[in-house]
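Undergrad: Numbering of the sequence shown is given in our numbering, commencing with residue 2 and proceeding in unit increments.
All residues carry an ideal CB built from backbone N, CA and C; glycine is no exception.
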Amino acid sequence: MGSHSQMRLLLDTHIWLWLVAEPTRLSPRVARALDNPEAQLWLSPISVWELLMLTQKGRVQLNEDPAAWVQHTVEGLSLHEAPLTFEVALETSSLNLPHSDPSDRFIAASAKVFDLTLVTADKKLLAAPGIRVLQNE
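#1: Return the bridge partner residues of Trp139 from the DSSP annotation.
#2: Where DSSP assigns a beta bridge to Val120, which residues make up the other side?
#3: What does the Cβ neighbour count give for Ala128, buried or exposed, with the cut at 16 atoms within 10 Å?
#4: Within the chosen definition, does the segment 83-91 reach the segment 62-71 through at least 3 CB pairs nearer than 8 Å?
#5: How about Leu52 and Val71: do their beta carbons lie closer than 9 Å?
#6: From this set, Pro38, Phe115, His81 and Gln57, which residue's C-alpha is nearest Trp17's C-alpha?
#7: Can you tell me whether Asp102 is buried or exposed, with buried defined as 16 or more other CB within 10 angstroms of its CB?
#8: Could you tell me the distance, in whole angstroms, from the CA atom of Arg30 to the CA atom of Asn137?
#9: Can you list the beta strand (DSSP E) stretches of 3 or more residues lying completely in the segment 30-65, in chain order?
#10: So the candidates are Thr74, Val120, Gly59 and Phe115; which of them puts its Cα closest to the Cα of Ala32?
#11: On the CB-based measure, 16 or more other CB atoms within 10 Å of its CB, does Leu11 come out buried or exposed?
This is how it looks when you write it as structure tokens:
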């Protein structure tokens, strides 16, 4: 991980959740990258929405109120917000991501627009052209 831009890491929703709640699910390479003091960790508001949906559906259990959990992890990890701008919304349509859900499109577009490396285990996102990725394998 030499260049400056590779130290700007956009966490996919599951990576954010694993980092906080199930760190053993992170590969050693990803864990090292996220732990690097020079790394800037970024998160899309779409991931916050996605996590809230998962908790409402009972697919994810958190140890505290979801809003408080989000607040604590954002502050605790010093997460940078990758805002949902018009540019990001426009970029979603030019991505070659067949059959992907809208949240994946927004997260991938955010990585592209803000020049971030997307940290993910999602096979569809790993195959997306024009996006720098760090694979959790």
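TA: Taking the geometry as given:
#1: As displayed, the chain neither begins before 2 nor continues past 138, which places residue 139 out of reach and without an answer.
#2: Here residue 120 refers to the residue found at position 119 when the sequence shown is read from its first residue. Val120 pairs with Leu12 and Leu135.
#3: Walking along the sequence shown from the start, residue 128 turns up at place 127. The residue in question, Ala128, is exposed, as its Cβ has fewer than 16 Cβ neighbours within 10 Å.
#4: Note that the segment 83-91 does not touch the segment 62-71; fewer than 3 beta-carbon pairs, one per stretch, sit closer than 8 Å.
#5: Position 51 of the sequence shown, counting from 1, holds the residue named residue 52. Position 70 of the sequence shown, counting from 1, holds the residue named residue 71. Using a Cβ distance threshold of 9 Å, Leu52 and Val71 count as a contacting pair.
#6: Locating residue 17 in the sequence shown gives position 16, where the first residue counts as 1. Out of Pro38, Phe115, His81 and Gln57, His81 has the C-alpha closest to the C-alpha of Trp17.
#7: One-based indexing of the sequence shown puts residue 102 at position 101. The residue in question, Asp102, is exposed, as its Cβ has fewer than 16 Cβ neighbours within 10 Å.
#8: Position 29 of the sequence shown holds residue 30. Position 136 of the sequence shown holds residue 137. Between Arg30 and Asn137, the C-alpha separation is close to 8 Å.
#9: Segments of the beta strand (DSSP E) lying fully in the segment 30-65: 41-44.
#10: Translated into positions along the sequence shown, residue 32 becomes position 31. Selection Thr74, Val120, Gly59 and Phe115 evaluated against Ala32 yields Val120 as nearest (Cα-Cα).
#11: Residue numbering aside, residue 11 sits at position 10 when the sequence shown is read from its first letter. Leu11 is buried by the Cβ-count criterion.
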